[in-house]
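K.L.:
Structure provided below as C-alpha cells; questions to follow.
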Amino acid sequence: MERAGAKLVTTLIYSLLFSLFILFFLSANSYSADIGNCLLCHKYPGLSRIDEDGRMRLLFINEEIFNSGPHNKVKCEGCHTDITEIPHKTAKKVDCLVVCHIVEPSSEQKFSHKDVATSLEKSVHGTYDKNGVLKKFPEDMPACKDCHDEPLYRPISFFKKVRPGFLEQALGRCRVCHKKEEFIQRFYSHVTTRLHKSRNPLNIAEMCGRCHDNAELVARHKLSTRAAFSYGETFHGKAARFLSEEIPDCLDCHVKEGKDVHQMRNHEDPESPIHTDNRGKICTNIDCHPDASPKLANYKVHSEFNREQDSVQYFFTLFFIVLTGGTLLPLMGIIFLDVVRRFFPHATFKRKG
Amino acid sequence: MKLHILDHPHPLIVVKDGKKYFYRFTFDQRIQHIILFITVIILVLTGMPLKFHDTAWSPYLYAMFGGIKSAPVVHKTTGLILVLLFIYHVIYLSYNIFKEQLLPVKKQGGLDTAKVLKILAKQPLVPNIKDAKDIIDLLKYLLYFTNKRPEGAEFTWKEKFDYWAPFWGMVVIGLSGLMMWNKVLTTKILPGWTINFAMIAHSDEALLAALFLLIWHWYNVHFSISVFPMGTVFLTGYLSEELMVEEHYQYYVEVMTKAGLENEILPPHGTDIHDLEKGRPPQ
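The listed protein sequences derive, respectively, from chains A and B.
Going by the working numbering, the letters in the first sequence line up with residues 54 to 406, in that order.
Going by the working numbering, the letters in the second sequence line up with residues 19 to 301, in that order.
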C-alpha cells in the first residue's frame, strides 16, 4: 500500500514536471490567438485549393508573420465568424467591420473598424455624394481590402537616430510598470509602428494607381490624369521609384494634416488640403520646403503630355521632340550614307572627261 | 622635325616618323574638352536613370552612384563643375578675342560696333556661307553625284555643329537645372509651373545632347573607319595629314603653302590613283 502511494506521488511529480516542461516551451510561442487550433491544418505551407473561379487560393498561414502583425491577438473566429466547426466549409470573405473581442483600451469598448468606414463614406471615396445621392458606379469606390492587406509591425528605435527594431532603453522604461514581456513588446510595436508609415511611397503610389491609373476607371469618372503615372514623372515620383522613404507620396498631399487617410476630400472641397486656397501649405511643411513661397505649390504634379490638359506645355514638349528628331534623323542619314560611301570611294554618276 | 610659321607659339606642323601632324587645339582647350566629356558622361549616367525611371536597368545604374541618397548629389556637383567650365570657356573665349583681335584694332583707334560685329562674325567657329556650300557638296558626294569631298576649312560644319549644339544645350540644361536645384528661390520669383517647363527642357534637351554625342560625335571621332577606334587629336592637339586631307583640305593647302611645302601637298581625298597615273586631273 505504501509502495503504491509512493508510486502515485512519483507519477504526480513526473506529470507536473512534464507539464511545466511543455508549458515552458509552449509559452515561447504563446503570441498566437489560435484558440480554435486552426493552425493544426493551416500551418502547412502547401495548403491550397482551386476555387470556383479557377484561381489558386493559398490557405497557408505563416504563424511567425501573423504573430508580428497587429491582429495577432485576434482569434481566427474573430474575423472568420462563419466558421463554427472543424473541418469547415468554404469560408466567406472577411468583413473588416465586424466587432471583435479585443477591447479598445481608451474607451474600454469592444473594438471595430466601423468608425473608419463611416469616415471613408464621407470622403471623396464614399459611395454617396454630398447631397446623399448614390454616385454613379459606386462599385468602383474602394473598400477596406482594396487598399489594405494584413499589416505587419515594423517597430522603430529612436535613441539618437531612427532605425528599425526595438529600443532596449525604451523597453527598460516600459518594464518599470509593466511586467509581461509579451505585452510590452506588442504595445511598443503598436505605438512605434503607427509613428511611421507602413508602406513606402512607391507602394502607396502603386496602391492608388491600381484604380487611378486604370484607364477605364479614369475615363468613367472623368478624372483629369492618371494620378500615379503623372506622380511618377515628377522628382518625387522618380525618387519614390528608387525607394526613397523621405519623399512625399499621394497621402502626404491629399490627406489634411491631423486627419486620417479615410477622410480624403475632393480637390474642390474647401476642406481638402489640395484645394486652391490650401495648396500652398502643403509644400511649405516644416519637413519639406519650409522656406518656400506658396507659389511653389503651383507646380503641376499631375501634368501629362496631353493637349487638352495644358496646351502650352504640350507644344513646349512637342518642340523638343521635333528638335530631337529634326536634329538626329538627318545626321543619322548622313552617317548611313557615309558608311556606304566608304565602300565605293571612287564611284560617281558623273562621267569622267 | 617641327615647322613654325610666323609668330605662332606652337609648331603648326610636326613631322614624326616621316608623317606630318597639324596643330589644332591648345593645351587649355584640350583640358576643357576632357573636363567637358567626363562631366557630361557622369551627368548622363546619373540623369538618364531618372528620365527612364520605369525601365529595368535604371535602378542598377542609379545604384552604381549610391542610389537616391548619393546620385543626386553626384549629379548636382558634376553639373556645377560643368556650369563653371562653361563660364570659364566664355571668359576664355571673350578674353582671347578681345586681346588678340579687338585690342589691336582699338589701339589703331578705329573700334566701333560694326567692326566688333564683323570681327565676331569672322571667328573660325561661326557658321558661314561656305558651311552651307560644304553641306550641299557633302550630300552630292554621299549620293554619288561627284567623287570629290568638300574641301573643308579650319573648322568644318560638323565641328561647328559639335561646338554649338553643346553650347546651346549647356545654356538650356544649365539654366533649367539651376532652376530646379533652387526651386525654392525660383518660385519666390516665378510661378511654380515654371518648374514643370524647366524639367521638360532639362530632360528632353539632355536626351537630345546625349544622343547627339553618342551617335554623331562618337561616329565622327570613334566609329568612322577613318579614325576607328579613336581619334587622338583631343589628346595630342595634332591631327594626322590623312585626316587633314579628308576633312580640312582647304585649310591643309593654306598651312602647307605657308610652311613652304607646296611641293608636298597631297591630292584631295578620294582621288583615284589610276587617274593620277594616267595624267588625268583629279575628279
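Quick reminder that beta carbons are idealized off the backbone N, C-alpha and C, glycines included.
Predicted, not measured: the structure shown is a model, and the values here were computed from it.
1) Return helix, strand or coil for B:I115, following the three-state DSSP convention.
2) Please say whether B:A224 and B:I191 have beta carbons closer to each other than 8 Å?
3) Contact criterion: CB-CB distance below 8 Å. Does B:G85 meet it with respect to chain A?
4) Over the uninterrupted alpha helix (DSSP H) stretch that includes B:K124, give me the two end residues.
5) By the DSSP assignment, the alpha helix (DSSP H) with B:K151 in it spans what residues?
6) In whole angstroms, what is the alpha-carbon distance linking A:F397 and B:K176?
7) Is DSSP giving A:M109 helix, strand or coil here?
8) In angstroms, rounded to a whole number, what distance separates the CA positions of A:V156 and A:L220?
9) Can you tell me which of B:T96, B:F179, B:G170 and B:L257 puts its alpha carbon nearest to the alpha carbon of B:D152?
10) Let me see if you follow: with CB-CB separation under 8 Å, is A:N351 close to chain B or not?
11) Compare the C-beta of A:R252 with all C-beta atoms of chain B and state if any pair is closer than 8 Å.
12) So what does DSSP say about B:H51, is it helix, strand or coil?
13) When DSSP labels each residue in this structure, what does A:S356 get in the three-state scheme?
14) Tell me which same chain residues have a C-beta within less than 6 Å of the C-beta of A:C129, skipping the five on either side of it?
15) Taking beta-carbon pairs under 9 Å, can you tell me which members of the region 233-247 of chain B lie near chain A?
16) Got a sec? Which residues, its chain only, sit under 7 Å from A:S242 by beta carbon, not counting five neighbours each side?
17) Report the rounded CA-to-CA distance for A:E324 versus A:H249, giving the unit in angstroms.
18) Locate the alpha helix (DSSP H) running through B:Y39, then write down its first and last residues.
19) Does the beta carbon of B:L229 come closer than 8 Å to any beta carbon on chain A?
20) Do you know how far the Cα of A:H178 is from the Cα of A:E269?
21) From which residue to which residue does the alpha helix (DSSP H) around A:R228 run?
22) Using a Cβ-Cβ cut-off of less than 9 Å, list which residues of the region 370-385 of chain A approach chain B; keep chain order.
23) With 8 Å as the C-beta to C-beta threshold (strictly closer), list the residues of the region 192-216 of chain B near chain A in chain order.
24) When burial is assigned at 16 or more other CB atoms within 10 Å of the CB, is A:H231 buried or exposed?
25) Three Cβ pairs or more, each shorter than 8 Å: is that satisfied between the region 253-265 of chain A and the region 283-298 of chain A?
26) For A:K366, which option in B:M217, B:H240, B:L257 and B:V273 has the closest C-alpha, if you only look at C-alpha atoms?
27) Tell me which residues share the same chain as A:D135 and place their Cβ nearer than 7 Å to its Cβ, disregarding the 5 neighbours each side in the sequence.
28) Nearest chain A C-beta to B:L226 closer than 8 Å, yes or no?
29) For the candidate residues A:N115, A:Y284 and A:N351, whose alpha-carbon lies nearest to that of A:I300?
30) Looking only at its own chain, which residues have a Cβ that is under 8 Å from the Cβ of B:L135, when we skip the five neighbours before and after it?
31) Looking at C-alpha atoms only, which residue of A:V393, A:R228 and A:C303 is the closest neighbour of A:C336?
32) Taking CB distances under 8 Å as the criterion, tell me whether A:F368 reaches chain B.
33) At the 8 Å Cβ level, is A:H328 part of the contact set with chain B, yes or no?
34) What are the boundary residues of the beta strand (DSSP E) that B:L257 is part of?
35) Who are the Cβ neighbours of A:F113 in its own chain at under 8 Å, not counting the five residues just before and after it?
36) So, with DSSP's three-state summary, where would you put B:E272?
P.N.:
Taking the definition as stated:
1) helix
2) yes
3) yes
4) L121 to K125
5) I147 to L160
6) 22 Å
7) strand
8) 27 Å
9) B:G170
10) yes
11) no
12) helix
13) coil
14) G89 and C91
15) I233, W234, Y237, N238, F241, S242, I243 and S244
16) Y206 and P208
17) 24 Å
18) Run containing B:Y39: none in the alpha helix (DSSP H); it sits in the beta strand (DSSP E), K37 to Y41.
19) yes
20) 17 Å
21) E221 to C230
22) T370, F372, F373, I374, L376, T377, T380, L381, L384 and M385
23) M198, K201, V202, T205, K206, L208, P209, G210, W211, I213, N214 and F215
24) exposed
25) yes
26) Correcting the residue identity first, residue 366 of chain A is Gln in this sequence and not Lys. Measuring from the Cα of A:Q366, the nearest candidate turns out to be B:M217.
27) A144 and K145
28) yes
29) A:Y284
30) none
31) A:C303
32) no
33) no
34) Y256 to S258
35) H95, K96, Y97, P98, G99, L100 and S101
36) helix
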